[in-house]
Amino acid sequence: MKKILSALIVLSLVLAAGNGFAKDWKKIRVGVEGAYPPFSFLTPDQKLDGFDIDMAKAIVAAAGGEIELVISDWDGIIPGLLAKKFDCIVASMSITEERKKAVAFTNKYYQTPAKFVVKKGAIKEFSKEAIKGKSVGVQRATIHDQYLTDNYGKDVEVKRYGTQDEVYLDIAAGRIDMFLADIIAAKEGFIEKPEGKDFQFIGPDLTDVKWFGEGAGIACRKEDKDLIKKLNDAIQKIRKDGTYKKIQDKYFDFDIYGK
Amino acid sequence: MDFSIIADNIDVYLLGLKNTLILVSLSLAIGLVFAIPLAVLRTSKNIFISGPINAYTYFFRGTPLLVQMFLIYYGMGQFESIKTSFLWIFFKEAYFCALFAFTLNTCAYTIEIIRGAIENTPHGEVEAAKAAGMSWYLRFTRIILPSSFRRALPTYGNEIIFMLHGSSLASVITIIDITGAARIINSRYYSPYEAYLTAGAFYLTITFILVWLLKKLEYRWLAHLRRE
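These protein sequence lines are chains A and B, in that order.
Once you know that position 181 of the first sequence is 180 in numbering that gives the first Met the number 0, the rest is easy, because the numbers rise by one and skip nothing.
Once you know that position 226 of the second sequence is 225 in numbering that gives the first Met the number 0, the rest is easy, because the numbers rise by one and skip nothing.
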């Protein structure tokens, strides 16, 4: 009996160790958000689609792996990665110093500025004075949240939402005066939609590296250095072989990779 | 584990604590005020009186609080007629929507708690009141209601605690309550353990105080049931 038991223990130890070491990244589980059009959204028949999704598929394919997409709430997406619910995050996540404390990033796969959106005619010229006392919507735990809290936290009423879609709902309903978001997400997800026709961008393009980082990258756990290298090579590969441009042209009529 | 981030941001939690306490106590108070007369009417044999109240409690006890809150917060924003009416002044505010949903919810539960206690009033008490020549109104205010409140107290105590815990849903619609504070801290420092453990400690402390107060109250109100 004792022998069987110790044999079982040894066997389970071997299996556990094997699990830890032999990560060949044949299958890569990618955490995505699914509520951030046009980058990541669910089609009416509940399929994931968008720029991030296509990117994830192309990058994982270029890295020679098989993809499994896992949907996660935005404010649980980094904890989810750390808890090994998935192996990396492709969710328009900006590379920032704060986040680098928790996770490691690949090189960027695109970069776009952020901008405020307001009802047409509500504010003539953008300034700190002009938006004083306004309620400003933002998606919780984003670089936009951080920027707004740090720069305007005392002057405006910051309203934090779980998803960007809820921000759009509430500005259309008149619950908030303006919102801060990624320029592409706001344009394609709201301003160009029927419910966003009375709204416009205001203020400068925000790109301050301190808050907005070096662009959006793929987040991985710090210990998975081999995966980061694989993904970096894959990004370079699809940049070169035209896959990147093909996906970009499907969604945008300009260069989204940035400088 | 780094609890210094909590110490540095304790003001966010205190703001959350304030909002939680206001939301919970207001909704409980308003809910109770409406629940008492409605519970009495609910025991009516006339189906046109008890029927609508029955339907109301059935709906609010039969659907999750989160669904009710979404219906009120996002649902109301869908109708132009509401958005252009004076009602929008109220429904525009997340705070009001949460308070409204919580009040309707706790009121429904409280009606059923009090109704149960009313219907379980010992028949002898009612008969004695009748024999003494008390009118319906006098019977209710002097005998049935006081006696029901006593018996409903332990169950209502549970409802108070459920409401406190249910109020954590307010954080979903932009309100910074205790849970909302934890979500802010979590999202800023990516340390869910410290953030939510602190929120848990706050809820635990409030619950502890509530249970203690309820125990005191039960000791007084249910003095006739004490064994000494």
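Backbone N, C-alpha and C fix where the C-beta goes; we use that ideal spot for every residue, glycine too.
The alpha helix (DSSP H) enclosing residue i, as first and last residue numbers
{"i": "Asp53/A", "result": "50 to 61"}
{"i": "Asn157/B", "result": "144 to 165"}
{"i": "Arg98/A", "result": "96 to 99"}
{"i": "Tyr167/A", "result": "163 to 171"}
{"i": "Gln110/A", "result": "Note, Gln110/A: premise wrong, no alpha helix (DSSP H); not H, not E."}
{"i": "Asp225/A", "result": "224 to 239"}
{"i": "Ile217/A", "result": "Unbroken run through Ile217/A is the beta strand (DSSP E), 215 to 219; no alpha helix (DSSP H)."}
{"i": "Lys129/B", "result": "122 to 130"}
CB contact flag (residue i, residue j, <7 angstroms)
{"i": "Phe104/A", "j": "Ile94/A", "result": "yes"}
{"i": "Ala129/A", "j": "Ile122/A", "result": "yes"}
{"i": "Tyr256/A", "j": "Tyr109/A", "result": "yes"}
{"i": "Ala194/B", "j": "Ile205/B", "result": "no"}
{"i": "Ala218/A", "j": "Met54/A", "result": "no"}
{"i": "Ile110/B", "j": "Arg41/B", "result": "yes"}
{"i": "Gly76/B", "j": "Ala172/A", "result": "yes"}
{"i": "Ser26/B", "j": "Leu98/B", "result": "yes"}
{"i": "Ile208/B", "j": "Tyr72/B", "result": "no"}
{"i": "Lys119/A", "j": "Gln199/A", "result": "yes"}
{"i": "Ile175/B", "j": "Gly50/B", "result": "no"}
{"i": "Asp74/A", "j": "Arg139/A", "result": "yes"}
{"i": "Lys229/A", "j": "Ala62/A", "result": "yes"}
{"i": "Val135/A", "j": "Val155/A", "result": "yes"}
{"i": "Gly161/B", "j": "Ile177/B", "result": "For clarity, residue 161/B is Phe in the given sequence; the question names Gly instead. Result no, Cβ atoms of Phe161/B and Ile177/B do not sit closer than 7 angstroms."}
{"i": "Glu107/A", "j": "Gly214/A", "result": "Here the sequence assigns Lys to residue 107/A, which means Glu is not the residue at that position. A contact, by the Cβ cut-off of 7 angstroms."}
{"i": "Ile77/A", "j": "Tyr188/B", "result": "no"}
Near the ligand PLP: residue i beta-carbon under 6 angstroms from a heavy atom
{"i": "Thr141/A", "result": "This structure simply doesn't include the ligand PLP, nor any ligand for that matter."}
Residue i: first and last residue of the uninterrupted beta strand (DSSP E) it sits in
{"i": "Pro36/A", "result": "Here Pro36/A belongs to no beta strand (DSSP E), and DSSP marks it neither H nor E."}
{"i": "Asp181/A", "result": "177 to 181"}
{"i": "Glu92/B", "result": "Per DSSP, Glu92/B belongs to no beta strand (DSSP E) and is neither H nor E."}
{"i": "Gln138/A", "result": "134 to 138"}
{"i": "Ile88/A", "result": "87 to 93"}
{"i": "Gln199/A", "result": "198 to 205"}
DSSP state of residue i mapped onto helix, strand, coil
{"i": "Leu209/B", "result": "helix"}
{"i": "Glu191/A", "result": "coil"}
{"i": "Ala21/A", "result": "Any reading at Ala21/A must be qualified, since the residue scores a pLDDT of 47, below 50, and its modelled position is unreliable; no value is offered."}
{"i": "Leu47/A", "result": "strand"}
{"i": "Leu13/B", "result": "helix"}
{"i": "Pro51/B", "result": "helix"}
{"i": "Ala169/B", "result": "helix"}
{"i": "Asp154/A", "result": "coil"}
{"i": "Asn104/B", "result": "helix"}
{"i": "Ala16/A", "result": "The predicted model places Ala16/A with a pLDDT of 48, which falls under 50 and marks its position as unreliable; any figure quoted below should be read in that light. The answer is helix: DSSP assigns Ala16/A an H, G or I state."}
{"i": "Asp144/A", "result": "helix"}
{"i": "Tyr57/B", "result": "helix"}
{"i": "Gly75/A", "result": "helix"}
{"i": "Val23/B", "result": "helix"}
{"i": "Lys244/A", "result": "helix"}
{"i": "Asn106/A", "result": "strand"}
Rounded C-alpha distance that separates residue i from residue j
{"i": "Thr56/B", "j": "Asn45/B", "result": "17 angstroms"}
{"i": "Gly17/A", "j": "Lys26/A", "result": "The predicted position of Gly17/A is uncertain, since its pLDDT is 45 and thus under 50; no value can be drawn from it."}
{"i": "Val210/B", "j": "Ile48/B", "result": "35 angstroms"}
{"i": "Gly156/B", "j": "Leu31/B", "result": "12 angstroms"}
{"i": "Gly241/A", "j": "Leu20/B", "result": "58 angstroms"}
{"i": "Gly195/A", "j": "Ala90/A", "result": "24 angstroms"}
{"i": "Phe89/B", "j": "Phe178/A", "result": "21 angstroms"}
{"i": "Trp24/A", "j": "Asn231/A", "result": "14 angstroms"}
{"i": "Leu70/B", "j": "Ile66/A", "result": "37 angstroms"}
{"i": "Ala169/B", "j": "Arg138/B", "result": "41 angstroms"}
{"i": "Lys46/A", "j": "Glu32/A", "result": "12 angstroms"}
{"i": "Phe20/A", "j": "Lys100/A", "result": "Only weak support exists for where Phe20/A lies, its pLDDT of 47 falling under 50; the coordinates are left without a value."}
{"i": "Val59/A", "j": "Gly179/B", "result": "36 angstroms"}
{"i": "Lys22/A", "j": "Gly64/A", "result": "12 angstroms"}
{"i": "Gly199/B", "j": "His164/B", "result": "10 angstroms"}
{"i": "Phe2/B", "j": "Ser167/B", "result": "22 angstroms"}
{"i": "Gly123/B", "j": "Arg149/B", "result": "17 angstroms"}
{"i": "Phe38/A", "j": "Gly115/B", "result": "53 angstroms"}
{"i": "Leu203/B", "j": "Arg98/A", "result": "31 angstroms"}
{"i": "Glu254/B", "j": "Leu68/A", "result": "One cannot answer for residue 254/B here, as it falls past the ends of chain B, which runs 0 to 227."}
Contact list for residue i against chain B, beta-carbon separation under 9 angstroms
{"i": "Arg220/A", "result": "Those within 9 angstroms of Arg220/A in chain B number zero; the least Cβ separation is about 12 angstroms."}
{"i": "Ile246/A", "result": "Those within 9 angstroms of Ile246/A in chain B number zero; the least Cβ separation is about 29 angstroms."}
Where residue i meets chain A, residues with beta-carbon distance less than 9 angstroms
{"i": "Arg182/B", "result": "Asp74, Arg139, Ala140, Arg159, Gly161"}
{"i": "Asn157/B", "result": "Under the 9 angstroms cutoff, chain A gives no residues; its nearest Cβ is about 30 angstroms from Asn157/B."}
{"i": "Lys91/B", "result": "Ala172, Gly173, Arg174"}
Contacts that residue i makes with chain A (C-beta to C-beta distance below 8 angstroms)
{"i": "Lys82/B", "result": "Ala172, Gly173"}
Partner residues on chain B for residue i, Cβ-Cβ distance less than 8 angstroms
{"i": "Leu41/A", "result": "Under the 8 angstroms cutoff, chain B gives no residues; its nearest Cβ is about 17 angstroms from Leu41/A."}
{"i": "Phe168/A", "result": "Note on identity: in this sequence residue 168/A is Leu, with Phe being the wrong assignment. Going along chain B in sequence order, the residues near Leu168/A (Cβ under 8 angstroms) are Tyr73, Gly76."}
{"i": "Ile66/A", "result": "The premise fails here: Ile66/A is roughly 25 angstroms from chain B at the closest Cβ pair, so nothing lies under 8 angstroms."}
{"i": "Pro78/A", "result": "Asn185, Tyr189, Pro191"}
Under 7 angstroms from the C-beta of residue i: neighbouring residues of chain B
{"i": "Ala101/A", "result": "Tyr189"}
Per-residue contacts from residue i into chain A (C-beta, under 7 angstroms)
{"i": "Thr173/B", "result": "Lys158, Arg159, Tyr160"}
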